[in-house]
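Enquirer: This structure is in structure tokens; I'll ask about it shortly.
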Amino acid sequence: MKIQPLADRVLILPAPAEEKTIGGIIIPDTAKEKPLQGQVVAAGNGTKDEEMILKVGDQVLYGKYSGTELEFEGEKYLMMRQSDVLAVLK
Amino acid sequence: MKIQPLADRVLILPAPAEEKTIGGIIIPDTAKEKPLQGQVVAAGNGTKDEEMILKVGDQVLYGKYSGTELEFEGEKYLMMRQSDVLAVLK
Amino acid sequence: MKIQPLADRVLILPAPAEEKTIGGIIIPDTAKEKPLQGQVVAAGNGTKDEEMILKVGDQVLYGKYSGTELEFEGEKYLMMRQSDVLAVLK
Amino acid sequence: MKIQPLADRVLILPAPAEEKTIGGIIIPDTAKEKPLQGQVVAAGNGTKDEEMILKVGDQVLYGKYSGTELEFEGEKYLMMRQSDVLAVLK
Amino acid sequence: MKIQPLADRVLILPAPAEEKTIGGIIIPDTAKEKPLQGQVVAAGNGTKDEEMILKVGDQVLYGKYSGTELEFEGEKYLMMRQSDVLAVLK
Amino acid sequence: MKIQPLADRVLILPAPAEEKTIGGIIIPDTAKEKPLQGQVVAAGNGTKDEEMILKVGDQVLYGKYSGTELEFEGEKYLMMRQSDVLAVLK
Amino acid sequence: MKIQPLADRVLILPAPAEEKTIGGIIIPDTAKEKPLQGQVVAAGNGTKDEEMILKVGDQVLYGKYSGTELEFEGEKYLMMRQSDVLAVLK
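Chains as they are written, first to last, in the working numbering: chain A, 39 to 128; chain B, 39 to 128; chain C, 39 to 128; chain D, 39 to 128; chain E, 39 to 128; chain F, 39 to 128; chain G, 39 to 128.
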């Protein structure tokens, strides 16, 4: 069983707080409570107004209040709209 | 007699709180008051701006403050817009 | 003399509070103050953005704060936009 | 001299509070402070987005907080947008 | 030197408070602090979305909180958008 | 080096407060804290929705809370959108 | 590894506060807490509604509350939408 996001949403697996140095990104002091980096694990099909750019596997940055938390098979994920994703790490 | 949602709305039968493990999804601590998973039991015909993706029978995830509660033949349902549905479980 | 709603509005005759069981729908506890079910007794001609789906005679469900109350020939009605109607009972 | 409303506005002469029974409409208890019925005495030419449906002479219903009051040759009028008019009495 | 309003704005010379009877319009009690009538003395060229209907010389009515006050050669004016003008007196 | 405003923004050099009589415009009492007149010293290229009407050299009027202040080579400027400019002096 | 902004966002390396005189721009007194100038180090591909004008290497001015801070390989950056960038220095 898998989660298929609707419309222009993506499901993100946040990077663990310990692993703050993937890609050399460090979360600034004012944002330390939550990870700001994660991996896209599922993506919607987009909408008439929003084509999907993000793909499964993308390492992404997002704002710390973005998304809705959900837990699936013991792992915590974030569901958010593509427009709340700030950047892809390449 | 049956309920036919208007426009881009869907009628959802929430999963009982006891049955928190359908699909392995567990509601995170901050959201335990209400089920976040349910089944689409009726769907509108969409609008000019919103085509219907959801079909009757879809298992869906939704935010805990989404929708309007209503009771029909002893069962409690939620009526919400398709855009308030976060994902489909496949 | 009759009331012709403008644009995408409908005039609804709410079901009496006593008759809470038409179609088996019961209003949940938190919404008991007002009927949530009624019958369309007049409908506008729609607008460029909103085509009319509702017809006179439709049994409808609506949110409890929807519409403007008005009294006509001793009967109390609600005037609301079609988009505030949640569903049709069929 | 006459008042020509601009755009999608109409000028309405409210029915006197005493004459609450034109068309059999009675204002519900919560709305008794102001008349809710009146006659269109002048109408704008509409806009690109809003075609005029109302004509001079139409008996209309409107919400009690709609419009801007103005006094002309000793008579009190209401100027409002057509979209604030709820219905026409026919 | 003259003031050329930009876009869909008009420059209005308010009727003096003493001269409350031009066109027979009297400002209702709740609006006595400021004149509601004035003359268009300059008009913009409109925008893609708003064609200009008002012309220099038009006697207009406007809401009492509309526009920005400015003083030019000893005279006080109001600059406002055409959509804030309620009606033309003809 | 020069400042090139982006999109539909203009860079304005406010008229000094002492020189309140350029064009005979006097700032009304309630607006005396800041100059309301200035000269366009740089303009953006417009956007799909907003064509540029203002040109470098235009004397303009603007609301007293409009724009973002910035200092460049010892001179104070205001950066604002063209739509915040009220009028051109001709 | 590099940061690729999504949509119409740009990644900006703020000019150090000490180096307040690049281009002769001085931040006004009310805005001294944060630099207002920086260099575009990465840019998105734009959207249907917003074509990208900014290029990597552009020296830009931006409002002091614009953007989201992030730290990458020991350097602090700002991620913001192109529409929050006020001007390019040329």
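A virtual CB, placed ideally from N, CA and C, is assigned to each residue, including glycine.
Given this structure, state the Cα-to-Cα distance separating LEU44/B from GLU111/B, to the nearest angstrom.
Expert: Each residue's Cα considered, the two are about 20 Å apart.
Enquirer: Out of LYS86/A, GLN42/A, ARG47/A, point me to the one whose CA is closest to GLY105/A's CA.
Expert: Checking every option, the nearest Cα to that of GLY105/A belongs to ARG47/A.
Enquirer: I'd like to know whether the C-beta of GLY101/G is nearer than 9 Å to at least one C-beta of chain F.
Expert: Yes, GLY101/G counts as interfacial toward chain F.
Enquirer: Could you tell me whether any Cβ in chain A is nearer than 9 Å to the Cβ of ILE91/B?
Expert: By this cut-off, ILE91/B is an interface position.
Enquirer: What residues in its chain sit with their C-beta under 6 Å from that of GLY82/D, if we drop five residues either side in the sequence?
Expert: So the qualifying residues of the chain are PRO43, LEU44, ALA45, ASP46, ARG47.
Enquirer: Out of curiosity, what's the CA-to-CA distance linking LYS40/C and ILE91/D?
Expert: About 17 Å.
Enquirer: Kindly say whether LEU49/A, judged by its beta-carbon, lies nearer than 9 Å to any beta-carbon of chain B.
Expert: Chain B contact via Cβ: present.
Enquirer: Could you tell me the distance, in whole angstroms, from the CA atom of LYS93/B to the CA atom of GLY84/A?
Expert: Roughly 18 Å between the two C-alpha positions.
Enquirer: Which bits of chain E does LEU74/F rub up against, with CB to CB less than 8 Å?
Expert: Per Cβ cutoff of 8 Å: LEU108.
Enquirer: Rounding to the nearest angstrom, what Cα-Cα distance links ASP122/F and ASP122/D in this structure?
Expert: Whole-angstrom Cα-Cα distance: 29 Å.
Enquirer: Starting from the beta carbon of GLN123/D, find every residue of chain C whose beta carbon is closer than 8 Å, and list them in chain order.
Expert: Note that residue 123/D is Val in the sequence shown, not Gln. Within chain C, the residues near VAL123/D are LEU44.
Enquirer: With burial defined as no fewer than 16 other Cβ atoms inside 10 Å of the residue's Cβ, what is the status of PRO52/G: buried or exposed?
Expert: Looking at its Cβ environment, which holds 16 or more other Cβ atoms inside 10 Å, PRO52/G is buried.
Enquirer: Between which residues of its own chain and GLY76/E is the CB-CB distance below 8 Å, once the five residues before and five after are set aside?
Expert: Answer for GLY76/E: ILE50, LEU51, PRO52, ALA53, GLN97, VAL98, TYR100, LEU116, listed in chain order.
Enquirer: Cβ of VAL126/G less than 9 Å from any chain F Cβ?
Expert: By this cut-off, VAL126/G is an interface position.
Enquirer: Does any C-beta atom of chain F lie closer than 9 Å to the C-beta of GLN120/G?
Expert: Yes, its Cβ sits closer than 9 Å to a Cβ of chain F.
Enquirer: Using a Cβ-Cβ distance cut-off of 9 Å, determine whether ALA80/A contacts chain B.
Expert: Yes, its Cβ sits closer than 9 Å to a Cβ of chain B.
Enquirer: Which residues bound the beta strand (DSSP E) around ALA81/G?
Expert: Start and end: 75–81.
Enquirer: Excluding the five sequence neighbours on either side, which residues of its own chain have a C-beta within less than 7 Å of the C-beta of ASP67/A, listed in chain order?
Expert: Confidence in ASP67/A is poor, its pLDDT being 49 and thus under 50, which makes the residue's placement unreliable; the coordinate value appears in the next sentence. Around ASP67/A: no qualifying Cβ.
Enquirer: How many angstroms separate the CA atom of GLU113/A from the CA atom of GLN120/A?
Expert: Taking the straight line joining both Cα atoms gives about 21 Å.
Enquirer: Figure out for me which residue from ALA80/A, VAL78/A, LYS86/A, ALA125/A has the closest Cα to the Cα of LEU108/G.
Expert: Residue ALA125/A is the option with its Cα nearest to LEU108/G.
Enquirer: Taking only runs that begin and end inside the region 80–115 of chain C, name each unbroken beta strand (DSSP E) of 3 or more residues, in chain order.
Expert: As far as the region 80–115 of chain C is concerned, its whole beta strand (DSSP E) runs of at least 3 residues are 97–100, 106–110.
Enquirer: In terms of DSSP beta bridges, what is ALA125/D paired with?
Expert: Partner(s): PRO43/C, LEU99/D.
Enquirer: So, LYS86/E versus GLU89/F, is the Cβ gap smaller than 9 Å?
Expert: Closer than 9 Å, so yes.
Enquirer: Report yes if the C-beta of LYS128/F is less than 8 Å from at least one heavy atom of the ligand ZN; otherwise report no.
Expert: This structure simply doesn't include the ligand ZN, nor any ligand for that matter.
Enquirer: Identify, in the order they occur along the chain, each residue of the same chain with its Cβ nearer than 6 Å to the Cβ of MET118/A, setting aside the five sequence neighbours on each side.
Expert: Answer for MET118/A: SER104, GLY105, listed in chain order.
Enquirer: Report the rounded CA-to-CA distance for VAL79/F versus GLY95/E, giving the unit in angstroms.
Expert: Approximately 33 Å, taken between the alpha carbons.
Enquirer: Among all the DSSP beta bridges, which residues are the ones paired with PRO52/B?
Expert: Answer by DSSP bridge pairing, in chain order: GLY76/B.
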